[in-house]
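If you count by my numbering, then the sequence shown holds residues 256 to 1006, one letter each, in order.
For each residue, glycine too, the CB sits at the ideal point set by N, CA and C.
Just so it is clear, the structure is predicted and the values come from calculations on it, not from any experiment.
Below: one structure, written as structure tokens.
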Amino acid sequence: MTGPAGQEPAASPAAAALPDAHVPDAHTPDVDLLGAPDQLELPGMPAQRRRPAPGAQAVTPADELPVASVVVEVPVLRLDHTYDYLVPVSMADGVAPGVRVKVRFGAQDVDGYVLERRATTAHEGTLRPLRRLVSTEPVLPAASARLARTVAEHYAGSMSDVVRLAVPPRHARTEGEPLADDPGPDADGAEAEPVTPGPWADLAGGEAFLRHAAAGAAVRGVWSALPGRWAPGGAVLAEDGWELMLARAVRTVRDAGRGALVVLPDARDVDRLARSLDATGMRDATASGGTLPDADGRAHGYVRLLADDGPAQRYRAFLAVLRGHARVVVGTRAAAFAPVSDLGLAVVWEDDDQLHSEQRAPYPHVREVLALRSETEGCALLVAGLGRSVEAQALVRGGWAHEIGAPRAVVRERTARVRALTRVEVAREGPAAVARIPSAAWRLAREGLARGPVLVQVPRAGYVPVTACATCREPASCPACHGPLGLSAGSSTPQCRWCGRLAAAWTCARCHGGTLRSVLVGSERTAEELGRAFSNVPVRVSGARSAGGVLASVSGASALVVATPGAEPVAAGGYAAALLLDAGVATSGTHLRTRQDAARRWFTAASLVRPAAAGGIVAVVGDGDEVVTGALVRWDPVGLAERELDERAELGLPPAVRVGALTGPRQAVAAVLAEAELPPGASALGPVPVAPADGGSAVLGGELGDVRAIVRAPRAEGRGLAAALRAAVAGRGARRGAGTVRLHMDVADLV
256 MTGPAGQEPA ASPAAAALPD AHVPDAHTPD VDLLGAPDQL ELPGMPAQRR
306 RPAPGAQAVT PADELPVASV VVEVPVLRLD HTYDYLVPVS MADGVAPGVR
356 VKVRFGAQDV DGYVLERRAT TAHEGTLRPL RRLVSTEPVL PAASARLART
406 VAEHYAGSMS DVVRLAVPPR HARTEGEPLA DDPGPDADGA EAEPVTPGPW
456 ADLAGGEAFL RHAAAGAAVR GVWSALPGRW APGGAVLAED GWELMLARAV
506 RTVRDAGRGA LVVLPDARDV DRLARSLDAT GMRDATASGG TLPDADGRAH
556 GYVRLLADDG PAQRYRAFLA VLRGHARVVV GTRAAAFAPV SDLGLAVVWE
606 DDDQLHSEQR APYPHVREVL ALRSETEGCA LLVAGLGRSV EAQALVRGGW
656 AHEIGAPRAV VRERTARVRA LTRVEVAREG PAAVARIPSA AWRLAREGLA
706 RGPVLVQVPR AGYVPVTACA TCREPASCPA CHGPLGLSAG SSTPQCRWCG
756 RLAAAWTCAR CHGGTLRSVL VGSERTAEEL GRAFSNVPVR VSGARSAGGV
806 LASVSGASAL VVATPGAEPV AAGGYAAALL LDAGVATSGT HLRTRQDAAR
856 RWFTAASLVR PAAAGGIVAV VGDGDEVVTG ALVRWDPVGL AERELDERAE
906 LGLPPAVRVG ALTGPRQAVA AVLAEAELPP GASALGPVPV APADGGSAVL
956 GGELGDVRAI VRAPRAEGRG LAAALRAAVA GRGARRGAGT VRLHMDVADL
1006 V
């Protein structure tokens, strides 16, 4: 079962500048499927020829283009090929590139997608016919298929896994329902009032970026946004807030007749951008399937693609984009694959947010998916955020993307004053200097409350999430699973944060003491303490685990708002002050991304505070990492990313290099390392034992007894590394009893 391999075109200069960016191979089938009833022919293993089953009826092939090349939904790396099937004459009119079909694969019927129809096949045997045409909707257009193959190769995964991420499950009733008052594909909006670049003209490189993007150029930019100018007592930012600036960029490209795609971390950010799109004259057409029933040619429609939407709503929005009824998409992670026709601009907001990393194989990241789309589809790309990720800075340093930023004078004008309340800073307060909230922080909060709401960011949720023995300070752990013990509000009985069991009779395994002390204080306990100190001020808690959930916004009245990172509500007119508590906890950890994550959370919280000229002040409370604290004081996310990139390059850590993580039984991992034909300059670290998934990352965690090896290579050899590891893992999986090895490219945390 063999087929001709596609010839690989030379990569463009821009692709060479992008870390491991590449142009996908021209698609030709790699493998064909033999016509035996239940025997699947594998590469290098000749199939046994079987006689047709008694009573089997011959299938009449289509008169024209009787061969369909199909990608099947079989999540096995060694079977990641395209397979040729016969198109029966009864399906000839409906089978087209992109449609869903049912095919016989081995001894079972599986789903698949038609990639192309051809007149001939390179396979010498008898082709099996397609079993069923599921739908005539071309849900996997050619551009999406090329992107899926490119992403699979980039992440050393299978194309079927990527297609599963890109195409939502079919909802037959939604697919068959008519679009009410359908005005046809979204008009180019020539009569719409054009939107000028506005504040983009104040940024170095901003206006030029929009001009080139609107003209159809594949320009790439990295932008560190600033807080918007708060309207006193207003509920929204002025026109230079990040949401409205992104909305202006989308309208500029859309007015030029091209599509746009914006991917944000969560639904709250999507809602904020949607309101700004509405302010620019665009309209949310999600509920109507992308159509505008009263469209007058003056408004552009956009749809939302959210993972939290129900099956019908998500599929309806997907079909609206697929059919061309909406040319603008805003959404979360899965929207990165949206089949926007004539895509002119792709945007990822806060690219270093972990929500942009897919938790299913092959674990693609939104930033990389959109970078590959920029290469393959020739669209502009904007990587934006309030901070600056190390990966985005690597794109700028490598010359693949351009810097977009504001002059320092504008930075000072738009940001709050930041003060670091370390122990040295408050040492004159005497014993009170060691308190979790020193007197200086209490004073800042009191002064801020006289002018408006005050934000208090706490790095941990809950009441007392971590405890320790009061005698010997040994961390308290669960007797059953050894997870950390914490305390809930109103309860004196510790409870495991992993398995949920109560530890009423807990005793310390080290000194046999029975008394606990708090090590970390969560948002609920913090709110309780603040409520006692400011009894006449309302205290509101925002967080996924809090009683009121995550708050979207609060009024401009005086109040204390306690929030965990990522759950900070927007205050009307901006916060008067913000306290970033437990700085030492926020910036401590052994993960590679500890500094980067802490900086993003702090810059996000500080951006919600009024500028210094309006009395806004941010206090970093505690002995946090000096590098991160200094970057916030100077409001210099770019400098922090530059320093971090220099350190990682010196140590041979990503993104200066590409890495692949191999996890599985020790003998299997060792065998993959021995069999992999690694590119020049590649090296392996480990293998070392890995903790089970319950104790850490769901992606990196393994089974009990598993080990992990890290393989790294220079960026220039990134494609070769992915191909070598993929081939070794696939070859290992073809052997019985060889042990399963999981491969994860570009893993975020190496420990």
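> Using the C-alpha atoms, what's the distance from Val508 back to Ala291?
Replying inline: Legend: pLDDT at Ala291 = 37, less than 50; position of this residue unreliable, no value from coordinates given.
> Quick one: complete alpha helix (DSSP H) runs, 4+ long, within the region 775 to 853?
Replying inline: Those alpha helix (DSSP H) runs which fall completely within the region 775 to 853 and span 4+ residues are 778 to 788 and 838 to 841.
>> Looking only at its chain, what residues have a beta carbon closer than 7 Å to the beta carbon of Gly936, apart from the 5 residues adjacent to it on each side?
In response: Cβ neighbours of Gly936 beyond the five flanking positions: Ala968, Pro969 and Glu972.
> First and last residue of the beta strand (DSSP E) that includes His657?
Replying inline: For His657, the enclosing beta strand (DSSP E) stretches over residues His657 to Ile659.
>> Distance check for Asp564 and Leu591, CA to CA, integer angstroms please.
In response: The sequence shown places Ala at residue 591, rather than the Leu named in the question. Taking the straight line from one Cα to the other gives about 16 Å.
>> Tell me the DSSP secondary structure of Gly960 in three-state form.
In response: Three-state DSSP puts Gly960 in coil, outside helix and strand.
> Comparing alpha-carbon positions, which option in Val365, Asp364 and Arg373 lies nearest Val350?
Replying inline: Of the candidates Val365, Asp364 and Arg373, Arg373 places its Cα closest to the Cα of Val350.
> Given that a residue counts as buried once 16 or more other Cβ atoms are within 10 Å of its Cβ, and exposed if not, what is Ser747?
Replying inline: Ser747 comes out exposed.
>> Once DSSP output is grouped into helix, strand and coil, what is the label at Gly476?
In response: Of the three classes helix, strand and coil, the one that applies to Gly476 here is strand, per DSSP.
> Going straight from the alpha carbon of Leu740 to that of Asp526, what length do you get?
Replying inline: In this structure, the alpha-carbon of Leu740 lies about 37 Å from that of Asp526.
> Tell me, which residues are paired with Glu371 by DSSP?
Replying inline: Glu371 is bridged to Ser324.
> Got a sec? Which residues, its chain only, sit under 8 Å from Val322 by beta carbon, not counting five neighbours each side?
Replying inline: Cβ within range, chain order: Asp339, Tyr340, Leu341, Val342, Arg372, Arg373, Ala374, Thr375, Thr376 and Leu382.
>> Going by DSSP in three states, Asp510 sits in which element: helix, strand or coil?
In response: Helix, per DSSP.
> The alpha helix (DSSP H) with Ala522 in it runs from where to where?
Replying inline: Ala522 to Ala534 is the span of the alpha helix (DSSP H), which, as asked, contains Ala522.
> Can you name the start and end residues of the alpha helix (DSSP H) that Tyr570 belongs to?
Replying inline: Counting along the chain, the alpha helix (DSSP H) containing Tyr570 begins and ends at Pro566 to Leu577.
>> Let's test the definition: count the other Cβ atoms within 10 Å of the Cβ of Asp816 and tell me whether it reaches 16, buried, or not, exposed.
In response: Looking at the sequence provided, one finds Val at residue 816 rather than Asp. By the neighbour-count rule (16 or more Cβ atoms within 10 Å), Val816 is buried.
>> Determine whether the beta carbon atoms of Gly994 and Pro920 lie at a separation below 7 Å.
In response: Cβ distance < 7 Å, so Gly994 and Pro920 count as in contact.
>> If contacts are defined as beta-carbon pairs under 8 Å, then Val585 and Ala529 qualify, I think. What distance do you get, rounded to the angstrom?
In response: Confirmed, about 6 Å.
> Got a sec? Which residues, its chain only, sit under 6 Å from Gly769 by beta carbon, not counting five neighbours each side?
Replying inline: Closer than 6 Å at Cβ, skipping near neighbours: Thr762.
> For the beta strand (DSSP E) that Trp455 lies in, which residues bound it at each end?
Replying inline: Where Trp455 is concerned, there is no enclosing beta strand (DSSP E), given that its DSSP letter is neither H nor E.
> Is Val873 closer than 7 Å to Ala854 when the C-beta atoms are compared?
Replying inline: Result no, Cβ atoms of Ala854 and Val873 do not sit closer than 7 Å.
> Within this structure, are the beta carbons of Cys754 and Cys727 separated by less than 7 Å?
Replying inline: No.
> Who are the Cβ neighbours of Gly299 in its own chain at under 7 Å, not counting the five residues just before and after it?
Replying inline: Its pLDDT being 49, under 50, Gly299 is placed unreliably in this model, and the value from its coordinates should be taken loosely. Around Gly299: no qualifying Cβ.
> How long is the line joining the alpha carbons of Trp697 and Gly703, rounded to whole angstroms?
Replying inline: Straight-line Cα distance between these residues: approximately 10 Å.
> Rounded to a whole number of angstroms, what is the C-alpha to C-alpha distance between Arg513 and Glu881?
Replying inline: Approximately 45 Å, taken between the alpha carbons.
>> Which residue wins for smallest C-alpha separation from Tyr557, given the options Ala572, Ala716 and His620?
In response: If we check each option's Cα against that of Tyr557, Ala572 comes out closest.
> So what does DSSP say about Asp339, is it helix, strand or coil?
Replying inline: The three-state secondary structure of Asp339, taken from DSSP, is strand.
>> Buried or exposed for Leu906, going by 16 or more other Cβ atoms inside 10 Å?
In response: Leu906 is exposed by the Cβ-count criterion.
> Run through DSSP, which three-state label would Trp761 get?
Replying inline: Coil, per DSSP.
> Given Thr765, which residues of its chain have a CB within under 6 Å of its CB, disregarding the five upstream and five downstream residues?
Replying inline: Note that residue 765 corresponds to Arg in the displayed sequence, not to Thr. Taken in chain order, the residues that qualify are Cys727 and Glu729.
> With distances taken between CB atoms, is the gap from Val840 to Val774 smaller than 7 Å?
Replying inline: Contact flag unset, no.
> Taking Cβ positions, are Glu632 and Leu598 nearer each other than 7 Å?
Replying inline: In this structure, Leu598 lies closer than 7 Å to Glu632 by Cβ.
>> Which complete alpha helix (DSSP H) runs does the region 354 to 417 hold, if anything under 4 residues is left out?
In response: Those alpha helix (DSSP H) runs which fall completely within the region 354 to 417 and span 4+ residues are 397 to 409.
> Around the Cβ of Val679, are there at least 16 other Cβ atoms within 10 angstroms (buried) or fewer (exposed)?
Replying inline: Burial call: exposed.
> Going by DSSP, what residues sit across from Pro730 in a beta bridge?
Replying inline: Ala723, per the DSSP bridge assignment.
> Where does Val585 fall in DSSP's three states?
Replying inline: Reduced to three states, the DSSP call for Val585 is strand.
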